[in-house]
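Single-structure report; data block below.
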Amino acid sequence: MTGRVGRTLFVEQKGLPQGHLQAVDRLLRIVPSPPPSPEDDGQDAGAVGTKLAEDARLVARLREGAPRATVELVERHGTHVRRVLFRVLGSDDSESGDLFQEVITQAWERIDQLSEPRALKAWLTQIAVFTARKAIRRRRRRRWLTFFADVPEPDVEGRWAGPDMQEAARCVYRILERIPVDERIPFSLRMLEDLDLEATARACGTSLATVRRRLVKAERRFFKMARQYEALAPWLENA
Amino acid sequence: MTPPPTPPHLRADRLWRSLADAQDAALARGTPPALRTPRLRRSRVRARRLGAALLMAGAAVTALVLFAVRAPRPLRGVGGGFAGGVASVSGGRDEAGRTLVADARSDLPLQFSNGSSLTFRAGSTGRMQRLGDDGAQVFLEEGRLEAHVVHTRTTLWMVHAGPYRVRVTGTRFEVNWAAARLDVSLFEGSVVIDGAELGAGVPLRAGQRLTVDRGVVRTELLPPGAPDGTRDLTGASASASEELGDRAGARAKSPAPSEAMGASEAVVDREAPAGSDAPAGSGASARVSGGDAPSGAPAKGRAVAVAIDENEWLMLAKQSAYAEAFSSAMRVGWRTLCHRLDAHRLLTLGDVARYAGSRPRAQQAFESLVARFPRDPLAADAVFSLGRLAFESDQSDRAARWFRRYVADWPQGPLVDQAVGRLVECAIHMHDGEAARDAARAYLLRAPTGPHARLARQVLRDGAGVTASAAPGLSPRGSPGVPR
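Residue numbers (my numbering), protein chains in the order written: chain A, 33 to 271; chain B, 7 to 490.
Below you can see the structure in the form of structure tokens.
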């Protein structure tokens with residue numbers, strides 16, 4: 033325990049040689065993305081600005097209790113919320129359907145607490161992440177209480193990808209199940225949702241330093257366990 | 007000094023990319039992809055632990071049963087509309103004097119510990135005046151009340167309707183009081199009706215009907231084939247609504263949950279051939295075995311059994327056996343039902359949970375309806391029910407949000423008057439005088455003679471000093487209409 037804390041402190045406070053840290057960051061893709069080129073910026077700025085303005089209008093309508101505002105919220109951001117839940121939980125089964133409802137309901141109920149209406153999407157992401165975290169903890173408690181061991185069996189129905197991918201996905205989420213939830217979530221968002229470091233930290237409600245530390249630990253845990261899964265071997269590459 | 011961490015030696019960029027793409031594709035297809043819920047296998051050691059746990063649980067259940075058997079059983083509300091507040095209702099007698107309001111949409115069943123049940127039909131208004139070990143007194147202010155009273159020599163049940171009084175000497179009857187017209191139909195047992203022009207009382211026997219209309223008293227035999235009070239809720243509710251004028255139109259706009267029950271029967275009939283392995287004793291299996299399905303047709307095996315089980319809760323709900331319906335639905339899997347049922351049945355499912363006393367499950371069902379069918383007219387009912395559940399849970403702020411949403415999204419909805427009325431109550435509970443006055447004004451504009459009108463006038467007259475106890479609809483710690 034002491035050793036792990038000591039190593040964490042080393043990374044966070046005393047610092048590794050700059051080149052070493054950058055190497056770790058690169059492997060984890062936590063180097064901030066290069067700024068977009070002026071052309072790209074010019075092209076996207078208008079569309080992004082319009083979307084943000086529409087979000088702000090939607091927030092205003094939700095606060096007013098305008099007719100159909102909630103329906104619009106679901107239609108506009110429902111897919112994003114579902115995707116975040118899917119990334120973090122690994123399945124879009126009936127439980128994540130419940131969680132989707134929970135996210136939308138919470139957003140609707142707490143819309144007055146959103147300080148920056150243009151950040152609606154990020155705020156929804158945050159709610160989805162917190163909801164998923166609760167669900168993961170609930171699952172773990174339930175599993176402990178059942179006194180049972182879960183043993184993987186081949187999936188025969190509900191395939192949503194090719195057999196190799198399906199098997200790999202199953203292994204990935206089996207590993208993620210064994211990673212502490214506070215590390216697992218930023219790791220999933222970073223790797224699967226491809227959020228940048230800042231967005232990951234914002235979604236998890238933590239500082240940049242904390243999220244970076246958790247990513248490092250999660251990454252280490254993941255690959256340590258990934259070696260044990262034969263099905264993942266074709267997907268792993270030497271760095 | 008602790009050595010620096012070993013940098014990762016592996017990468018899996020291709021895995022992440024492929025996995026994300028597969029997930030995106032699955033979401034785009036709209037099919038709910040499931041990453042196999044792992045089946046569980048028991049190890050020997052854990053089986054032993056499980057056995058010990060089961061033994062302990064069994065001992066606890068036995069102790070509870072013994073305690074329940076030994077405990078005295080005063081008459082009290084135990085189910086239906088009482089269920090949401092069982093804890094507060096257990097005191098029984100404290101409930102007297104509070105107003106019961108049955109929604110225009112649905113019936114309000116009340117079940118009692120001695121097996122009696124009262125059902126305020128859709129759109130009816132009434133009041134539980136007294137509830138004690140020796141019986142109950144109920145005031146029917148408007149609408150239709152169906153009663154099934156388990157009468158004993160030591161109990162006295164009384165139903166007041168306007169100036170009239172129905173003394174119950176047993177057992178199953180229906181009272182309709184609207185526009186100063188009294189209509190009592192007796193299906194079993196006997197009652198005595200007195201008051202006003204009835205003098206000392208007119209006894210009524212099973213199969214008789216008494217009407218008092220503008221001073222004219224008429225006693226007649228019930229027509230053959232007349233509804234006997236055990237018919238399904240659809241017919242009863244519809245007929246009640248017809249007599250309640252405007253509310254009938256409201257109901258027509260919003261189909262009753264029980265309409266879905268008929269649909270469910272059709273499903274059972276179609277899917278379950280005779281001789282299938284339906285659970286013995288369930289309404290579904292009885293119906294199936296006597297249905298139109300060709301005899302000797304090959305059974306569909308497990309799938310058929312599942313179909314029947316999944317509809318058992320509906321059949322039980324139709325028989326007002328809400329606790330049993332709830333248990334049956336839980337056996338099927340609440341979450342499964344929430345994700346599989348159509349809007350009508352989801353609404354019924356929520357009502358079943360509500361009447362069985364499980365607010366979280368009711369909330370889950372209603373929220374599922376709102377999320378899955380946001381444009382369905384029944385979403386309006388679900389939103390209203392969510393407001394009511396929140397109010398019952400002392401969450402006035404949350405309740406107000408649901409009721410406001412109802413008013414905003416369905417300004418012509420059948421329950422909009424009640425939603426506004428309950429906004430008045432919410433504002434009072436939140437001590438928000440301004441909001442209470444606004445809601446009160448809005449209510450009086452919409453329904454100057456409605457059940458909340460007195461409260462609304464009181465709010466406008468006395469300001470925020472009005473106490474919630476004057477409110478007719480809900481008690482935040484109780485259930486619909488259950489007095490605190």
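All residues carry an ideal CB built from backbone N, CA and C; glycine is no exception.
Bear in mind that the values here come from a model prediction, so they are computed numbers and not experimental data.
When 8 Å is used as the limit between beta carbons, Val204 of chain A is near these residues of chain B: Leu21 and Leu25, in chain order. For the 8 Å CB-CB criterion, Leu188 of chain B and His166 of chain B do not form a contact. The DSSP-derived three-state label of Glu148 of chain A is coil. Looking at the DSSP output, Leu210 of chain B bridges to B:Val197.
Annotated as proximal: Ala331 of chain B and Val358 of chain B, with beta-carbon spacing under 8 Å. Within chain B, Ala377 and Pro380 have C-beta atoms less than 9 Å from the C-beta of Val106 of chain A, given in sequence order. Closest option to Val204 of chain A, judged by alpha-carbon separation, among B:Ala26, B:Ala186 and B:Glu318: B:Ala26. The shortest C-alpha to C-alpha distance from Ile159 of chain A to any of A:Cys236, A:Val103, A:Ser147 and A:Glu251 is the one to A:Cys236.
Under the DSSP assignment, Gln143 of chain B falls in the beta strand (DSSP E) whose first and last residues are Gly141 to Val155. CA-to-CA, the gap between Asn120 of chain B and Asp444 of chain B works out to about 44 Å. Taking each of B:Arg447, B:Thr217 and B:Pro380 in turn and checking the Cα distance to Glu180 of chain B, the smallest one comes out for B:Thr217. Here Leu162 of chain B has Asp140, Gly141, Arg173 and Val174 as same chain residues with Cβ atoms under 8 Å from its own Cβ, once five neighbours each way along the sequence are excluded. Identification of chain B residues near Glu148 of chain A by a Cβ-Cβ cut-off of 9 Å yields none; the smallest Cβ-Cβ distance measures about 21 Å.
Listed by position along chain B, the residues whose Cβ is nearer than 7 Å to that of Phe118 of chain A are Gln29 and Leu33. Between Val422 of chain B and Leu461 of chain B, the CB-CB gap reaches or exceeds 8 Å. Burial of Ala101 of chain A is indicated by the presence of at least 16 other C-beta atoms within 10 angstroms of its C-beta. Note that the C-beta distance between Leu21 of chain B and Trp267 of chain A is below 8 Å. Using a Cβ distance threshold of 8 Å, Leu210 of chain B and Leu227 of chain B do not count as a contacting pair. Cβ neighbours of Ala200 of chain A within its own chain (closer than 7 Å, five residues either side excluded): Ala263, Leu264 and Trp267.
The bridge partners DSSP lists for Val172 of chain B are B:Val165 and B:Ile199.
In terms of CA proximity to Gly122 of chain A, A:Ser220 leads the group A:Gln145, A:Met257 and A:Ser220. At a C-beta separation below 7 Å, Gly97 of chain A has these neighbours in chain B: Arg410, Arg411 and Ala414.
Per DSSP, reduced to three states, the secondary structure at Glu226 of chain B is strand. Remark: C-beta atoms of Ala349 of chain B and Leu375 of chain B approach each other more closely than 8 Å. Distance between Leu117 of chain A and Pro115 of chain B, taken at the CA atoms: about 40 Å. Collapsing the DSSP output to three states places Ala448 of chain B in a helix.
By the neighbour-count criterion, in which a residue is buried when 16 or more other Cβ atoms sit within 10 angstroms of its Cβ, Gln418 of chain B is exposed. Nearest Cα to Met223 of chain A within the set A:Ala241, A:Arg210 and A:Leu247: A:Leu247. Secondary-structure assignment with DSSP links Glu225 of chain A through no beta bridge to anything. By DSSP's assignment, Asp219 of chain B forms a beta bridge with B:Arg187 and B:Val222. Contact check for Ile211 of chain A against Phe255 of chain A fails: the beta carbons are separated by 8 Å or more. Excluding sequence positions up to five before and after Ala202 of chain B, its CB lies within less than 7 Å of the CB of Pro169 and Tyr170, all in the same chain and listed in chain order. The beta-carbon distance between Arg150 of chain A and Asp87 of chain A, rounded to whole angstroms, is 6 Å. This is short enough to meet the 8 Å contact definition. Taking C-alpha positions only, Glu134 of chain A is separated from Ala258 of chain A by approximately 32 Å. A direct Cα-Cα distance of roughly 10 Å separates Glu230 of chain A from Thr238 of chain A.
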